[in-house]
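Quick note, the sequences are listed as chains A and B, same order. For the first sequence, this note's numbering gives the first residue as 18, with consecutive numbering after it. For the second sequence, this note's numbering gives the first residue as 18, with consecutive numbering after it. For each residue, glycine too, the CB sits at the ideal point set by N, CA and C.
Number of protein chains: 2
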Amino acid sequence: MERTPSLDTLNKVGQEVRLKGWVRLVRDHGKVMFVDIRDYSGVVQVVFVAGMLSDEQVALIKGLHGEDVVEIIGTAQQRKPGTENADMPTGTVEVFGKELTVLQKAAELPFDMGGKDLNLELPTLLDNRSLTLRHPKVQAVFKVQEIIVDSFRNALKEKGFTEFIAPALVPLPTEGGAEVFKVNYFDKTVYLGQSPQFYKQIMVGVFERAFTVGKVYRAEPSVTTRHLTEYLSLDAEFGFIENYEEIMDMAEHVISRIFDDLNEKGAEYLKLYQASVPKFSKPIPRIKLSEAKEVIFNETGRDIRSEPDLDPQGERDIYAWAQKEYGSELIFVTHYPTVKRPFYTYPDPENPEETLSFDLIGRGVEWVTGGRRINEYGQLLESAKKWGNEPKDLEIYLQAFKYGMPPEGGFALGVERITMNVLGLKNVREASAFPRDMERVDIRLS
Amino acid sequence: MERTPSLDTLNKVGQEVRLKGWVRLVRDHGKVMFVDIRDYSGVVQVVFVAGMLSDEQVALIKGLHGEDVVEIIGTAQQRKPGTENADMPTGTVEVFGKELTVLQKAAELPFDMGGKDLNLELPTLLDNRSLTLRHPKVQAVFKVQEIIVDSFRNALKEKGFTEFIAPALVPLPTEGGAEVFKVNYFDKTVYLGQSPQFYKQIMVGVFERAFTVGKVYRAEPSVTTRHLTEYLSLDAEFGFIENYEEIMDMAEHVISRIFDDLNEKGAEYLKLYQASVPKFSKPIPRIKLSEAKEVIFNETGRDIRSEPDLDPQGERDIYAWAQKEYGSELIFVTHYPTVKRPFYTYPDPENPEETLSFDLIGRGVEWVTGGRRINEYGQLLESAKKWGNEPKDLEIYLQAFKYGMPPEGGFALGVERITMNVLGLKNVREASAFPRDMERVDIRLS
């Protein structure tokens, strides 16, 4: 008999099925035993009645515990009215178990995996990562993450973007020398890229509209709740913009599509976290940084008007204001000062001390960062030099501009951070299957 | 007026259009000038008639060269019968140009970019990568690559696989100490992963069916035509197999889907290389390594029967035989010796000196490698130790097996190598947008 994935029991009521999976949960009511079985398609409840089984089978079932790997033959049946479980996609059916085989016995679990929540401290959660990832609520994090990445990809493909593979090994620490990892490369040194920025700009010259999904690295020398040393960056860049607002329009298209897909395909996962995607007005409100600082002063009395940037409190304040003023949990803050942005950022022709750049603030933290870039070769070369770069070091990058580059811009988002913020996780490590930080690379570094 | 992507001119015959793009090619016939314009959607021909334009415009057009960034206003029209170009998707139309503006002037090109082929030596191709990537035949390589990756993803998603993000920074060189890059990680050392093998196996415990698309690194200390130090690996792994042939079935499903998608969506790119996807019989023929060596001896007289592996010539010989015998350009070679495969490979219960492993040989080279893995904790622990591993070093990996792992297996393919082999490229560097090797990371390392 073919194996039936647990979700398919919905279509096999009245039929014999063969399930295979992990024991998620055992509830032993003496004469009746319930065993929840987890497989790639979800979870289904199996009910065993002791009186209808051999003593050997009963002992086997009573001896089961979480993560045992089993095979079950039984009959799919409708659950009795009133016993349905609305929290499970298979909650209207169950399998009446006839025969159980243990394929692999799991070791005793070091903590309870059967509850709705895991309730573990972060070090325990990560020291036992290969186990804790199996908990449905932890699984949900990575289902949400998969939806976000797919959605980013689909939203851009439908706008004519081509996906390309950016390298992670780079010849120089291009975004400043600090916070970059060195790689021993034969008898030389190369670096782990902090962003695919240069490569996505080069690819504008190739495909005009390009994006890449790949790892970036930051040698963040402190352990915070929102930094990882290795994370997945979603990067888009496109040419022939007529104004820099188009870049925000494209970012809004992508974010909006991610939220739609999360609602459509991720509802069951969001529900586990009692989470919902941010509400926002269309278009998302846009405010210049200088005006945002005025607003914050007016609203809170806190004066950061002479600061070059928004501090974390400032991000929370402008979010609170956007909620109050527009009912929007997202707001674009634009025109960051030239001194705070990289050399390739396009200065505002109306005020060269400000740039045509933006951050998308979502629920009080930075979700997306982007802007227009300098596309004219001479201007870029001059800006690169002014910031202390050797043109020879930027040869491949500058080449793209030497041979014709239209007005262009783009944006980037970190997958783990978006996942964390959508689900309301307290630490970005929970949004990475195998988080790396200063102290941990799977195992604690000693 | 809205911009018209070049491909949309097909739907705008008789209408005024505004094109934006790069000059691909100028053919100046004196009174009539043809300018091919390239943008994200493709290429379209624009025709200018000198007598209908100002002297200034004529001078501007005659001064154009490849990669100039321009905007053109004109009228889309059907080409005259007999002047259609079947090689271009827009080959039945052209734009009658009225006005041209140069948005960015490109520097003089260092070589001809206008021909069907680039005809450059590899060092020149790579020294000028930001330019050479723009050539339609080079672009085609990365369009093909995009199709391969998407196709892998879609083929597995439809089988219930979940995509996850594997880390590239790893605590130990797990596949042997050689050929691994060291990363200076704060005051410690970590490594760049040579494969996501351990992580995809861990994820079988989580999602049962899992795949990942990500970078892997090999410190290959020689410069060959088929090795890169950084490449993109497509890795799949799944549980509850009933026999190890199912792993080859799944690999065949994926490969078959990739070929279908290449034929459907990539025909214009394959055509540029006069390439076609490999023919193969369904199912793809399967032969044990020991039998393959006998076949080679019988067919060629070359005796490699005492060798533990197939050498490159052996891969070509068995391919020639599969073509002759089955009309198939693909063949699975199975049952590699235990001594030649990693510690987690499943020994054949019928002959523990052989493993339930396979390589898919395509057109004489390895395309896919895979097999069944040891899923029983005790057996895996013993094998790991026997191969000289410290169990403590494998803690997170072994954990996945300690807490219940079904029979499982999987496979992996390198995107650049598949791209190279499908298109018949001579060097794998041509199949990487930004290839890294011992001597080059964008720039030549000195």
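Buried versus exposed, by CB contacts within 10 Å (16 or more), residue i
{"i": "LYS217/A", "result": "buried"}
{"i": "ASN280/A", "result": "exposed"}
{"i": "ARG146/A", "result": "buried"}
{"i": "ARG315/B", "result": "One point to set straight first is that residue 315/B is Asn, not Arg, in the sequence displayed. ASN315/B is exposed by the Cβ-count criterion."}
{"i": "ASP204/A", "result": "exposed"}
{"i": "SER250/A", "result": "buried"}
{"i": "GLN211/A", "result": "buried"}
{"i": "PRO366/B", "result": "exposed"}
{"i": "SER323/A", "result": "exposed"}
{"i": "PRO325/A", "result": "exposed"}
{"i": "ALA417/B", "result": "buried"}
{"i": "ASP320/A", "result": "exposed"}
{"i": "ALA448/A", "result": "buried"}
{"i": "ARG434/A", "result": "buried"}
{"i": "PRO184/A", "result": "buried"}
{"i": "GLN330/B", "result": "exposed"}
{"i": "GLY80/B", "result": "exposed"}
{"i": "LEU139/A", "result": "exposed"}
{"i": "GLY68/B", "result": "exposed"}
{"i": "LYS419/B", "result": "buried"}
{"i": "SER400/B", "result": "buried"}
{"i": "ASP459/A", "result": "buried"}
{"i": "GLY426/A", "result": "buried"}
Pairwise C-alpha distance: residue j and residue i
{"i": "VAL43/B", "j": "GLY421/A", "result": "16 Å"}
{"i": "SER58/A", "j": "VAL86/A", "result": "15 Å"}
{"i": "LYS133/B", "j": "GLN156/B", "result": "12 Å"}
{"i": "LEU373/A", "j": "ASN28/B", "result": "35 Å"}
{"i": "TYR290/B", "j": "VAL385/B", "result": "23 Å"}
{"i": "ALA309/B", "j": "ASN438/A", "result": "55 Å"}
{"i": "THR436/A", "j": "LEU442/A", "result": "8 Å"}
{"i": "LEU36/B", "j": "ARG20/B", "result": "6 Å"}
{"i": "GLU84/B", "j": "LYS357/A", "result": "32 Å"}
{"i": "LYS115/A", "j": "ASN392/B", "result": "26 Å"}
{"i": "GLU208/B", "j": "PRO188/B", "result": "Looking at the sequence provided, one finds Tyr at residue 208/B rather than Glu. Distance between the alpha carbons of TYR208/B and PRO188/B is about 6 Å."}
{"i": "ASP376/A", "j": "TYR336/A", "result": "12 Å"}
{"i": "MET220/A", "j": "PHE198/B", "result": "27 Å"}
{"i": "ILE275/B", "j": "VAL64/A", "result": "42 Å"}
{"i": "PRO359/A", "j": "GLU33/B", "result": "40 Å"}
{"i": "GLU247/B", "j": "ARG453/A", "result": "20 Å"}
{"i": "THR355/A", "j": "ASN201/A", "result": "34 Å"}
{"i": "PRO509/A", "j": "GLN62/A", "result": "In the structure displayed, chain A extends from 18 to 463; residue 509/A sits before or after that span and is not available."}
{"i": "VAL161/B", "j": "ILE301/A", "result": "36 Å"}
{"i": "LYS232/B", "j": "PHE451/B", "result": "13 Å"}
Proximity test, residue i beta-carbon vs the ligand NAD heavy atom, cut-off 6 Å
{"i": "THR351/B", "result": "For the structure depicted, the ligand NAD is absent and the ligand set is empty, with no information on it obtainable."}
Which residues DSSP lists as bridging residue i, in chain order
{"i": "ASP72/B", "result": "According to DSSP, ASP72/B bridges with nothing at all."}
{"i": "GLY38/A", "result": "VAL87/A"}
{"i": "PHE375/B", "result": "THR351/B and GLY387/B"}
{"i": "MET50/A", "result": "ASP45/A and PHE65/A"}
{"i": "GLN121/B", "result": "VAL86/B"}
{"i": "SER250/B", "result": "GLY231/B and GLY431/B"}
{"i": "ILE304/B", "result": "VAL350/B"}
key: Residues of the segment 60-85 of chain B with Cβ closer than 8 Å to any Cβ of chain A, in chain order   = GLU84 and ASP85
task = Taking 8 Å as the threshold, find out whether the segment 226-240 of chain B comes into contact with the segment 40-59 of chain B through three or more Cβ pairs.
result = no
task = Compile a chain-ordered list of the residues in the segment 216-229 of chain A whose CB is closer than 7 Å to at least one CB of chain B.
result = TYR216, ILE219, GLY222, VAL223, PHE224, GLU225 and ARG226
ask   = Which residues, in chain order, does the segment 127-144 of chain A contribute to contact with chain B at a C-beta distance below 7 Å?
value = none
request  = Give a yes or no on contact between the segment 70-77 of chain B and the segment 94-109 of chain B, applying the rule of three or more CB pairs nearer than 8 Å.
outcome  = no
inquiry  = Quick test of the definition: if touching needs 3 or more C-beta pairs under 8 Å, does the segment 170-187 of chain B touch the segment 211-229 of chain B?
reply    = yes
task = Examine the Cβ distances between the segment 290-300 of chain B and the segment 335-349 of chain B and report whether three or more of them are shorter than 8 Å.
result = yes
message = Under 8 Å: do the segment 241-248 of chain A and the segment 104-117 of chain B share three or more Cβ pairs, one atom per stretch?
response = no
request  = Compile a chain-ordered list of the residues in the segment 433-458 of chain B whose CB is closer than 7 Å to at least one CB of chain A.
outcome  = ALA450, PHE451, ARG453, MET455 and VAL458
ask   = Taking any Cβ of chain B, which residues in the segment 406-428 of chain A have a Cβ under 9 Å from it, in chain order?
value = LYS409, ASP410, GLU412, ILE413, TYR414, LEU415, GLN416, ALA417, PHE418, LYS419, TYR420, GLY421, MET422, PRO423 and PRO424
query = Taking a cut of 9 Å between CB atoms, which residues from the segment 156-174 of chain B lie near chain A?
reply = GLN156, PHE159, LYS160, GLN162, GLU163, VAL166, ASP167, ARG170 and LYS174
task = Indicate whether the contact test is met: 3 or more Cβ pairs, each with one atom in the segment 403-410 of chain B and one in the segment 118-126 of chain B, closer than 8 Å.
result = no
message = If the cut-off is 9 Å on Cβ atoms, which residues from the segment 28-53 of chain B count as contacting chain A, listed in chain order?
response = LYS37, GLY38, TRP39 and VAL40
request  = Check distances from the C-beta atoms of the segment 256-271 of chain B to those of chain A and list, in chain order, the residues that come in under 9 Å.
outcome  = GLY256, PHE257 and GLU259
query = Residues in the segment 273-296 of chain B with C-beta within 7 Å of chain A's C-beta atoms, listed in sequence order?
reply = none
request  = Return the residues of the segment 228-247 of chain A that lie within a Cβ-Cβ distance of less than 9 Å from chain B, sorted by chain order.
outcome  = VAL230, GLY231, LYS232, TYR234, ALA236, PRO238, THR246 and GLU247
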